[in-house]
Amino acid sequence: MSQTSEGFRPPQQARSRASLQKVLAAAERVLAEQGLESFTVAEVAAQAGMSVGAIYRRFEGKEQLLYAVKDQLLTELETTVRDALHAAPPGLRPIFDAFVAALAQTFQEHDRIFPELLDAQRSDGRDRGLAALSAIQDALLEALAPFLADTDGLEMAARTIIGACIHRAATCRFWPDDRSWTTWAEEVAEMALAYLASPAADPPPGPARM
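Going by this note's numbering, the first residue of the sequence shown is number 589, and it counts up by one from there.
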């Protein structure tokens with residue numbers, strides 16, 4: 589986990605790290621089962637089987653705890669995407685398929701958490717989210733550099749896929765598309781690959797030179 593907001597740093601000792609993971613797992617359960625409106629330090633403490641004071645000794649309050657949950661999930665997203673890209677066979681299609689499948693996997697595993705965290709975003713949370721999205725886009729561009737010269741088209745495809753994934757996670761409760769995350773990933777990858785193979789993906793010609 590990276591450094592979280594307002595000075596909080598992850599503990600170094602194994603026992604303290606285990607205690608932190610217990611708190612964050614409890615915070616995820618509260619968000620998933622009860623939603624943001626019921627998210628309180630007291631409820632998280634009850635879920636974790638800890639005292640409220642024990643949580644306040646680690647976090648200043650609810651907002652910092654929410655940020656820590658988001659930071660952990662975004663770190664998981666970055667790691668899952670990078671691991672999938674490194675494990676993918678060489679080539680445009682397998683790497684693109686691995687990228688979209690990794691996105692879908694992380695959002696599926698936390699499909700009841702991400703919408704609540706998106707609703708709860710503050711400026712520091714938005715900055716952390718944007719940094720994570722930039723990191724996974726850069727990882728895709730690096731993985732595909734040997735196979736695709738058109739980086740402009742690839743950047744457009746990557747931004748569109750990431751944006752569609754965030755939008756789906758935020759709206760799936762109210763605007764379902766009747767697809768599993770796996771099916772969504774397959775269809776989105778096909779659309780992106782079709783775009784990259786089309787003339788529309790080619791960058792416009794530059795200005796004529798004398």
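Cβ coordinates follow ideal geometry from the N, Cα and C atoms, glycine included.
Bear in mind that the values here come from a model prediction, so they are computed numbers and not experimental data.
By Cβ distance, which residues of its chain are closer than 8 angstroms to residue i, with the 5 residues on each side in sequence left out?
| i | result |
| --- | --- |
| residue 699 | 757, 760, 769 |
| residue 735 | 678, 679, 680, 683 |
| residue 787 | none |
| residue 725 | 743, 746, 747, 750 |
| residue 752 | 776 |
What does a CB cutoff of less than 7 angstroms around residue i pick up in its chain, not counting 5 residues either side in sequence?
| i | result |
| --- | --- |
| residue 692 | 769, 770, 772, 773 |
| residue 716 | 658, 659, 662 |
| residue 745 | 780, 783, 784 |
| residue 634 | none |
| residue 694 | 664, 665, 668 |
| residue 604 | none |
| residue 590 | Low confidence applies to residue 590: its pLDDT is 49, below 50, so where it sits in the model is not reliable, and the reading given next is rough at best. So the qualifying residues of the chain are 659, 663. |
Using 8 angstroms for Cβ pairs, my map puts residue i next to residue j. What's the rounded Cβ distance?
| i | j | result |
| --- | --- | --- |
| residue 688 | residue 653 | That pair is no contact at about 31 angstroms. |
| residue 615 | residue 632 | 5 angstroms |
| residue 611 | residue 645 | Not quite, the Cβ-Cβ distance comes to about 11 angstroms (not below 8 angstroms), so this is no contact. |
Nearest to residue i by CA position, among the options, is which residue?
| i | options | result |
| --- | --- | --- |
| residue 719 | 697, 741, 750 | 750 |
| residue 657 | 704, 746, 728, 783 | 704 |
| residue 722 | 735, 641, 743 | 743 |
| residue 671 | 731, 639, 604, 610 | 731 |
| residue 560 | 618, 607, 664, 624 | Lying outside 589 to 798, the shown extent of the chain, residue 560 is not represented and no answer is given. |
| residue 676 | 636, 667, 686 | 686 |
| residue 622 | 775, 690, 701 | 701 |
| residue 778 | 748, 610, 605 | 748 |
Which of helix, strand or coil does DSSP assign to residue i?
| i | result |
| --- | --- |
| residue 591 | Caution applies to residue 591, whose pLDDT of 46 falls short of 50 and renders its modelled position unreliable; the value that the coordinates give is listed next. It is coil, neither helix nor strand. |
| residue 763 | coil |
| residue 672 | helix |
| residue 628 | coil |
| residue 645 | coil |
| residue 738 | coil |
| residue 755 | helix |
| residue 785 | coil |
| residue 700 | coil |
| residue 682 | helix |
With a CB to CB cut of under 6 angstroms and the five nearest residues on each side skipped, what residues in its chain are close to residue i?
| i | result |
| --- | --- |
| residue 696 | 769 |
| residue 618 | 627, 631, 632, 635 |
| residue 728 | 687, 746 |
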